[in-house]
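Everything on this sheet refers to the single structure shown next.
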Amino acid sequence: MKAAVVREPFGVDHLKIEEVEAPVAREGEVLVRVTRAGLNPVDVNVIRKKILYNLKPVPHIPGSEAVGTVEEDSGSFKKGQRVIIYPRIFDGTCEMCLSGREYMCQNGGIFGVASNGGYCEMVSVPYRNVMPYSGEISEDTASGLSVGALTAYHALKRVRAEAHNSILVYGASGNTGIFAIQLAGIMGMEVSAVSGKPWISDYINGTLFDEYSKVSGTYDIVMNSLGAEHFKGSMEHVAPGGSLVTFGVLTGSATELDIGSVYTRERSVIGATGGTRKELQEILGIMKNHEIRMPVEKTLPLEMIHYAFELFQKRNSGRILIKPSQ
Ligand SMILES: [Zn+2]
8 MKAAVVREPF
18 GVDHLKIEEV
28 EAPVAREGEV
38 LVRVTRAGLN
48 PVDVNVIRKK
58 ILYNLKPVPH
68 IPGSEAVGTV
78 EEDSGSFKKG
88 QRVIIYPRIF
98 DGTCEMCLSG
108 REYMCQNGGI
118 FGVASNGGYC
128 EMVSVPYRNV
138 MPYSGEISED
148 TASGLSVGAL
158 TAYHALKRVR
168 AEAHNSILVY
178 GASGNTGIFA
188 IQLAGIMGME
198 VSAVSGKPWI
208 SDYINGTLFD
218 EYSKVSGTYD
228 IVMNSLGAEH
238 FKGSMEHVAP
248 GGSLVTFGVL
258 TGSATELDIG
268 SVYTRERSVI
278 GATGGTRKEL
288 QEILGIMKNH
298 EIRMPVEKTL
308 PLEMIHYAFE
318 LFQKRNSGRI
328 LIKPSQ
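Per the working numbering: the sequence shown = residues 8 to 333.
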């Protein structure tokens with residue numbers, strides 16, 4: 008099968024389309040033909056080997072976000088069934104897994120980071136990593152749920168978001184931001200967002216600031232996955248008793264924090280990563296009754312992966328997707 012393989016010394020120049028042996032489903036696994044795979048910051052970091060997590064195997068097939076169709080009957084899965092791959096490898100037995108936090112499994116990691124990922128025609132994954140989804144959800148949108156939507160939804164849960172809360176989302180046009188503003192709206196929150204992309208106004212029912220310097224007011228929840236560059240500024244918009252939730256370091260990971268402004272106003276800084284399978288199922292449940300849209304700028308064949316990454320860096324008008332297989 009065809010696969011995008013990156014090898015030492017890593018970097019986009021060392022990412023090549025190669026013919027590799029197709030995987031075979033072992034006991035308890037299901038073979039999935041990958042029909043869409045998303046591009047996310049984590050995948051860029053894997054290719055550049057600038058990753059906070061354990062990266063294996065090397066040479067490596069990246070691609071943390073993927074959906075596909077079941078290739079052959081296996082367990083309760085039927086050939087042709089459309090499935091989402093839950094993107095965390097986990098053992099189900101460690102303390103984290105037993106407390107319902109399989110996304111932080113002590114012996115696991117991210118699909119496409121701690122294991123080969125979805126930038127290939129076929130993957131074999133454990134039953135517990137495969138989730139069927141309704142035919143009413145397009146393959147394109149489905150491909151954004153396991154990382155983009157799940158990260159956003161889990162972050163909202165981490166700060167115990169409630170209907171009466173106000174929220175300010177930084178980077179609203181990003182892979183997670185686009186879901187955060189829609190999910191927050193569906194949950195009944197008062198939504199504000201910062202984004203320099205005018206098209207984002209079609210996705211937000213609330214206030215849009217087109218520049219960071221124009222942001223005003225304070226909010227119960229500030230969601231900021233942009234990292235160091237906007238951290239300090241975003242803290243100023245956290246209301247007394249409110250929370251800032253973060254899950255990304257796009258602009259760097261070291262920043263200053265005024266500890267006084269944290270404790271005197273009882274503000275919280277909360278980290279979030281990934282999400283549970285239950286939460287992914289909840290998102291699919293929400294989508295039965297509510298429309299959640301994901302803008303797609305381009306869907307490209309696997310052979311055009313380099314161009315896909317070029318487009319991804321520009322982040323023009325929506326998601327960049329790879330179509331490894333029909
Ligand atoms: Zn575990």
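The C-beta atom is built at its ideal place from N, Cα and C for all residues, glycine as well. Please read all numbers here as calculations on a predicted model, not as lab measurements.
Close-in-space but distant-in-sequence residues of the same chain around residue i (CB under 8 angstroms, 5 per side omitted)
i	result
K285	G107
A235	V256, T258, G259, S260, A261 and T262
E218	V201 and G203
Residue i burial status per 10 Å Cβ neighbour count (16 or more: buried)
i	result
H297	exposed
A191	buried
E128	buried
L309	buried
E143	exposed
S145	exposed
P30	buried
R272	exposed
G119	buried
S223	exposed
G292	exposed
L105	exposed
Same chain, Cβ closer than 6 angstroms to residue i, five either side skipped, listed in chain order
i	result
A200	V176, A179, I188, I211 and L215
Q113	C101 and M103
G87	T76
Short Cβ contact (9 angstroms threshold) for residue i with residue j
i	j	result
R55	F17	yes
F254	A279	yes
V276	M311	no
R43	V74	yes
S71	V53	yes
I174	V229	yes
V110	V137	The residue you asked about is not Val; residue 110 is Tyr in the sequence shown. Result no, Cβ atoms of Y110 and V137 do not sit closer than 9 angstroms.
E197	N172	yes
R33	S122	no
A11	P69	yes
P66	R135	no
V37	G99	no
K204	N323	yes
Y226	H244	yes
G184	S208	no
Presumed contact (8 angstroms Cβ cut-off) between residue i and residue j, rounded CB distance
i	j	result
F186	A159	4 angstroms
I117	V41	Rounded, the Cβ-Cβ distance is 16 angstroms, inconsistent with contact.
Cβ neighbours of residue i in the same chain (closer than 7 angstroms, five flanking residues each side left out)
i	result
H290	Per the sequence shown, residue 290 should be read as Ile rather than His. Once the five neighbours on either side are set aside, the close Cβ partners of I290 are L152, A156, L157 and Y160.
G325	P302, V303 and E304
Cβ-heavy atom distance, residue i to ligand 2, below 8 angstroms
i	result
E289	This structure lacks ligand 2; the ligands present are ligand 1.
Point to revise | Residues surrounding ligand 1 [beta-carbon distance to nearest heavy atom under 7 angstroms] | key: Output, sorted by chain position: F97, D98, G99, T100, C101, M103, C104, E109, C112, Q113, N114 and G115.
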